[in-house]
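Q: Sharing a structure, written as structure tokens. Questions coming.
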Amino acid sequence: SKREGFATIPDVSWDDIGALKTVREELQTAIVEPIKDPELYAAVGISAPTGVLLWGPPGCGKTLLAKAVAAESKANFISIKGPELLNKFVGESEAAVRRVFTRARSSVPCVIFFDELDALAPRRDDTVSESSARLVNTLLTELDGLSERQGIYVIAATNRPDIIDEAMLRPGRLETPLFVDLPGAAERKDILRALLRHNKAVDGIEKITDIAGTEMCNGYSGADLGALVRQAGHNAILRKSKRLDATDFALAAQKVKGSVGDMKKYYD
Ligand code: ATP
């Protein structure tokens, strides 16, 4: 597997992502186009937003979107999971954050992806530790340093935008919030179709994707649809078949439960 924190170009394209059409279009115009043609954007005097915040329930494609942005613009991708940066000795987390930006500067164009940003940048109130507050300050300083330099774009993701320090979201920082919603029935069909795009073992793709649109799959995230595909594969193997059909998927849908649960917190 790829080492965390190192730059590579991911191999995810827009076509690997089902649904999320509006979010994909916004990322394409906001980031991908400016990276591909910086002279054009400089000539017109506009630049890409330095930062985007993808927010919404888990397993709905935030990581996938960030990877596709990098891949579609042929930019390097550095991925950081918030909680992993935190489990360090005093001062080491800040050094690690600075190292991430240094590494990005030596591999432009570059997309830095901060997953679970809420762990790295919690609101600095009286309950937050001193070291945590220092880490937020370090992140803010690095984000502010970006506007002068071209070619580094920050995408952050969170399930809990409500607990992130507001200073992170000011203009010039993670100024563009994009909501990545739980898919509805039609979107689930589109996502399952994307997940099965290269799967040659599937018989009856129309009937199979229809299952994702039924109420058996209400509340499924994209990640849950991934679990559905795996369970359908197990079902095929159980009946000693190397091919997956609609019955394998229908039985799988009885077993896989939606993982997101209460959606209220995402709409407060
Ligand atoms: P988390 O908040 O848990 O980090 P996330 O929103 O970043 O979740 P991803 O990691 O992008 O979610 O999605 C997990 C997996 O679910 C993907 O690798 C993919 O298999 C599937 N998936 C989720 N959303 C989509 C989608 N819109 N299209 C295709 N596959 C999807």
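For the sequence shown, position 122 (counting from the first letter as 1) is numbered 110 according to our numbering, and the numbering increases by one without interruption.
Note that beta-carbon positions come from the ideal geometry of N, C-alpha and C, so glycine has one too.
On a predicted model such as this, the values are computed, not experimentally measured, just so you know.
(1) So for V85, helix, strand or coil by DSSP?
(2) Pick from A107, I179, C98: whose alpha carbon is nearest that of R58?
(3) Note down, in chain order, each residue of its chain lying with its Cβ closer than 8 Å to the Cβ of R86, except the 5 sequence neighbours on either side.
(4) Does the Cβ of D103 lie closer than 7 Å to at least one heavy atom of ligand 1?
(5) Taking CB distances under 8 Å as the criterion, tell me whether K55 reaches chain D.
(6) Under the three-state reduction of DSSP, which class applies to P171: helix, strand or coil?
(7) Under three-state DSSP, which class holds T164?
(8) Short of 6 Å in beta carbon distance, which residues of its chain neighbour A7, apart from the five on each side in sequence? Order them along the chain.
(9) Put V248 into one of helix, strand or coil per three-state DSSP.
(10) Whole-angstrom Cβ separation of A145 and A54, contact assumed at under 8 Å?
(11) Could you tell me whether the region 234 to 246 touches the region 208 to 222, using the rule of 3 or more Cβ pairs below 8 Å?
(12) Express the C-alpha separation of S35 and Y29 in angstroms, rounding to a whole number.
(13) Applying the 10 Å Cβ sphere with the 16-neighbour rule, what's the burial state of M156?
(14) When DSSP labels each residue in this structure, what does D103 get in the three-state scheme?
(15) Tell me which residue opens and which closes the alpha helix (DSSP H) that F237 is part of.
(16) Would the beta-carbon of P46 be found less than 7 Å away from any heavy atom of ligand 1?
(17) Nearer than 7 Å: is that true of the beta carbon of T197 relative to any heavy atom of ligand 1?
A: According to the structure shown:
(1) Working through the sequence shown from its first residue, we reach residue 85 at position 97. DSSP places V85 in helix when its eight states are reduced to three.
(2) In the sequence shown, residue 58 corresponds to position 70, counting from 1. First, the amino acid is wrong: residue 58 is Ala here, not Arg. Nearest of A107, I179, C98 to A58, Cα basis: C98.
(3) Here residue 86 corresponds to residue number 98 of the sequence shown, with the count starting at 1. So the list reads T126, E130, once near-sequence residues are dropped.
(4) Stepping through the sequence shown from its first residue, residue 103 is reached at position 115. Yes, Cβ of D103 sits closer than 7 Å to a heavy atom of ligand 1.
(5) No chain D is present in this structure, which holds just one protein chain.
(6) For the purposes of this step, residue 171 is taken as residue 183 along the sequence shown, with counting starting at 1. Reduced to three states, the DSSP call for P171 is coil.
(7) Reading the sequence shown from its first residue, position 176 is the one you call residue 164. T164 falls in the strand class under three-state DSSP.
(8) Translated into positions along the sequence shown, residue 7 becomes position 19. These residues qualify, in order along the chain: P171, E175, D178, I179.
(9) Along the sequence shown, one-based indexing puts residue 248 at 260. The answer is coil: DSSP assigns V248 none of H, G, I, E or B.
(10) As a first step, residue 145 must be located in the sequence shown, where it is residue number 157. As a first step, residue 54 must be located in the sequence shown, where it is residue number 66. Right, the Cβ-Cβ distance comes to about 7 Å (below 8 Å), so this counts as a contact.
(11) yes
(12) Position 41 of the sequence shown holds residue 29. Position 47 of the sequence shown holds residue 35. Cα-Cα distance, rounded: 6 Å.
(13) Taking the sequence shown and counting its residues from 1, one reaches residue 156 at position 168. Classification for M156: buried.
(14) Sequence index remark: in the sequence shown, residue 103 carries index 115 (1-based). Correct three-state label for D103: strand.
(15) Taking the sequence shown and counting its residues from 1, the one referred to as residue 237 is at position 249. Segment 234 to 243, the alpha helix (DSSP H) holding F237.
(16) On the sequence shown, residue 46 is found 58 positions in, with the first residue counted as 1. Flag set: Cβ of P46 near ligand 1.
(17) Position 209 of the sequence shown holds residue 197. The answer is no for T197.
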